[in-house]
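Notes follow once the structure below has been shown.
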Amino acid sequence: MRNALSYHERWSEAWRSPEPKPGYDVVIIGGGGHGLATAYHLARDHGIGNVAVLEKGWLGGGNTGRNTVTVRSNYLRDPSIRFFERSRRLYEDLSATLNFNVMFSRRGQIDLIQTWAKWRDVRRRSLSMALVDAEYTIITPGEIVRRVPLVELDPKARLPILGGAWHPGAGIARHDAVAWGYARAADAAGVDIIQNCEVTGIRRAGGRVTGVETTRGTIMAPRISVAVAGHASVVAAMAGLRLPIETVPLQAFVSAPLKPVLDVVLNCPALHVYLAQTDKGELIIGGGADGYTSYAQRGSIHVIEQSVAALIDLMPRLGRVAMLRQWAGMIDLAWDTSPIISTTPVGGLFVDVGWGSGGFKAIPASGEAFAQLIATGEPPELIRPFGLDRFLRGRPVLETAGASNRE
Ligand SMILES: Cc1cc2nc3c(=O)[nH]c(=O)nc-3n(C[C@H](O)[C@H](O)[C@H](O)COP(=O)(O)OP(=O)(O)OC[C@H]3O[C@@H](n4cnc5c(N)ncnc54)[C@H](O)[C@@H]3O)c2cc1C
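Quick note: to get my numbering, add 3 to the position in the sequence shown (first position is 1).
Following this line, the structure appears as structure tokens:
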């Protein structure tokens, strides 16, 4: 109330901008949703407040502020379903938990089924999800058009719509607000959030990490956590660690604001396009990943062209909508397309990486579980299957269909 009446003057800062101290108990590299949520849970759940989050740019300036904001849990494998369902449920109460409006809005998601192979995949996913009381059920083409009148059914289409899968728990949230909410809560719990501070090296002695070199000096810490989507292999290499990860661009774009036309998240995996309508009215649209490795934060025009063509195939009336802007983020993918939340062979070094196109929805559960791993050295049951050792033990968590960017 006071802020509203002060004409934007003398607002108190949502978080401090402290100078880095010479040392911390834990240093987290990366001020995206994952790094900030982890810092918050270290302080809140484990009493470890002597923590620094080091961010080379601004908070949420990485993939957290570049994604298409979908929150869902319709995965294939048991560990993924359990993990993402936990995260989705945490999102439902996140505004209250953080006392910050993250604008989570439960919309439900429809996955279109256009091949019989997809039908079998959806049926299998729906049975697996029922085991954790998460709903994912098959609906008819008529039901799809009832829920999304923009969709036009064309029986002569190359891939006619055979049906859909309805995931009522899915929703969207405001991505910046998620980063800001966690930042404010972590700061209030004593965490130092240091922006414009790039980590350029990781110090080691006797097989353990001892600190980081940064553009703002050396900072010592016995535990270092890496949460840098898009730069996981680069930062891990600073500690001599090679991760089984490749990095590719993923693009998205938004339309000019429209009156309400879409109240679900609509996903078309066969044609590589999905969209939702934000509270501002923009259609936020994503597609498949670019097919090559890159660190440039832009993608190829032909990928966007494919997404737009698919969109107009499904909903010809959108052909008249003006597009406002396009961007890309770099996503890190392990070959099984599941995340890596793990200790590493380097003592004191922890990683929370490999989120591909799906780490925004993972922020609450990942922050909670990764903090426990850092605090205790032991992974909670929820994330045990996502350790680095799965590649040595031959226990990948194959999610190529569930992750939806490598189908
Ligand atoms: C176009 C697009 C659409 C997406 N859509 C969805 C979606 O709909 N739903 C979903 O769940 N997920 C989606 N994702 C994925 C999701 O955005 C990411 O998985 C998630 O944001 C990762 O969060 P993070 O905190 O790990 O990384 P980031 O938010 O990228 O944060 C990492 C931070 O580390 C910083 N950093 C990097 N190197 C250094 C260094 N050396 N020193 C200091 N700081 C460093 C970066 O500046 C960055 O701010 C999408 C991604 C993209 C690109």
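We put the beta carbon where it would ideally sit given N, CA and C, even for glycine.
Any non-hydrogen atom of ligand 1 within 8 Å of residue i CB
{"i": "Val-267", "result": "no"}
{"i": "Ala-230", "result": "yes"}
{"i": "Ala-365", "result": "yes"}
{"i": "Glu-88", "result": "no"}
{"i": "Val-74", "result": "yes"}
{"i": "His-37", "result": "yes"}
{"i": "Trp-330", "result": "yes"}
{"i": "Ser-83", "result": "no"}
{"i": "Ser-9", "result": "no"}
{"i": "Glu-201", "result": "yes"}
{"i": "Val-411", "result": "As shown, the chain starts at 4 and ends at 410. That puts residue 411 outside it, with no answer to give."}
{"i": "Gly-411", "result": "Outside the shown range of the chain (4 to 410) lies residue 411, about which nothing can therefore be said."}
{"i": "Val-356", "result": "yes"}
{"i": "Asn-77", "result": "no"}
{"i": "Asn-66", "result": "yes"}
{"i": "Glu-249", "result": "no"}
{"i": "Arg-126", "result": "no"}
{"i": "Thr-340", "result": "no"}
{"i": "Asn-104", "result": "no"}
{"i": "Ser-360", "result": "yes"}
{"i": "Ala-180", "result": "no"}
{"i": "Gln-254", "result": "yes"}
N-terminal and C-terminal residue of the beta strand (DSSP E) that residue i is part of
{"i": "Glu-384", "result": "Per DSSP, Glu-384 belongs to no beta strand (DSSP E) and is neither H nor E."}
{"i": "Phe-256", "result": "248-258"}
{"i": "Tyr-277", "result": "276-280"}
{"i": "Glu-216", "result": "211-217"}
{"i": "Asp-195", "result": "195-197"}
{"i": "Gly-166", "result": "166-170"}
{"i": "Val-268", "result": "268-271"}
{"i": "Gly-184", "result": "Unbroken run through Gly-184 is the alpha helix (DSSP H), 178-191; no beta strand (DSSP E)."}
{"i": "Phe-353", "result": "352-356"}
Nearest-angstrom Cα separation, counted from residue j out to residue i
{"i": "Ser-369", "j": "Pro-158", "result": "43 Å"}
{"i": "Glu-155", "j": "Gly-35", "result": "39 Å"}
{"i": "Arg-123", "j": "Gln-117", "result": "11 Å"}
{"i": "Asn-199", "j": "Trp-61", "result": "7 Å"}
{"i": "Ser-407", "j": "Ser-83", "result": "Unreliable positioning characterises Ser-407 in this predicted model, as indicated by a pLDDT of 49, which lies under 50. A coordinate reading is not provided."}
{"i": "Pro-342", "j": "Trp-358", "result": "5 Å"}
{"i": "Arg-5", "j": "Gly-322", "result": "45 Å"}
{"i": "Ser-129", "j": "Thr-250", "result": "30 Å"}
{"i": "Gly-380", "j": "Thr-346", "result": "8 Å"}
{"i": "Pro-144", "j": "Pro-152", "result": "11 Å"}
{"i": "Ile-288", "j": "Gly-233", "result": "20 Å"}
{"i": "Pro-399", "j": "Arg-13", "result": "52 Å"}
{"i": "Asp-28", "j": "Gly-214", "result": "10 Å"}
{"i": "Thr-221", "j": "Ile-32", "result": "13 Å"}
{"i": "Val-125", "j": "Ile-141", "result": "8 Å"}
{"i": "Leu-391", "j": "Val-356", "result": "10 Å"}
{"i": "Leu-401", "j": "Ser-76", "result": "15 Å"}
{"i": "Ala-3", "j": "Ser-98", "result": "Nothing about residue 3 can be read from this structure; the chain reaches only from 4 to 410."}
{"i": "Gly-243", "j": "Lys-364", "result": "30 Å"}
{"i": "Lys-121", "j": "His-11", "result": "52 Å"}
{"i": "Thr-340", "j": "Ser-9", "result": "49 Å"}
{"i": "Asp-335", "j": "Gly-111", "result": "27 Å"}
{"i": "Ile-248", "j": "Ala-312", "result": "30 Å"}
{"i": "Leu-385", "j": "Glu-58", "result": "27 Å"}
Run of the alpha helix (DSSP H) containing residue i, from where it starts to where it stops
{"i": "Gln-309", "result": "304-317"}
{"i": "Asn-6", "result": "5-8"}
{"i": "Ser-90", "result": "81-95"}
{"i": "Val-229", "result": "It is not in any alpha helix (DSSP H) - Val-229 instead sits in the beta strand (DSSP E) that spans 226-229."}
{"i": "Met-3", "result": "Here the chain covers residues 4 to 410 and nothing more, so residue 3 does not appear."}
{"i": "Val-238", "result": "235-240"}
{"i": "Gly-204", "result": "Here Gly-204 belongs to no alpha helix (DSSP H); instead the beta strand (DSSP E) covers 202-208."}
{"i": "Ala-292", "result": "Element bounds for Ala-292: not the alpha helix (DSSP H) but the beta strand (DSSP E), 286-292."}
(message) Between the segment 58-78 and the segment 253-272, can you find at least three pairs of beta-carbon atoms closer than 8 Å?
(response) yes
(request) Could you pull out every unbroken alpha helix (DSSP H) segment of at least 4 residues lying fully inside the segment 94-150, listed in chain order? (result) 97-101, 119-133 and 144-150
(message) Three or more C-beta pairs under 8 Å: does that hold for the segment 207-216 against the segment 350-357?
(response) yes
(request) Would you mind listing the beta strand (DSSP E) stretches within the segment 16-91 that are 3+ residues and don't spill past its ends, in chain order? (result) 29-32 and 54-57
(message) Using a Cβ distance threshold of 8 Å, determine whether the segment 75-91 contacts the segment 181-201, with at least three qualifying pairs required.
(response) no
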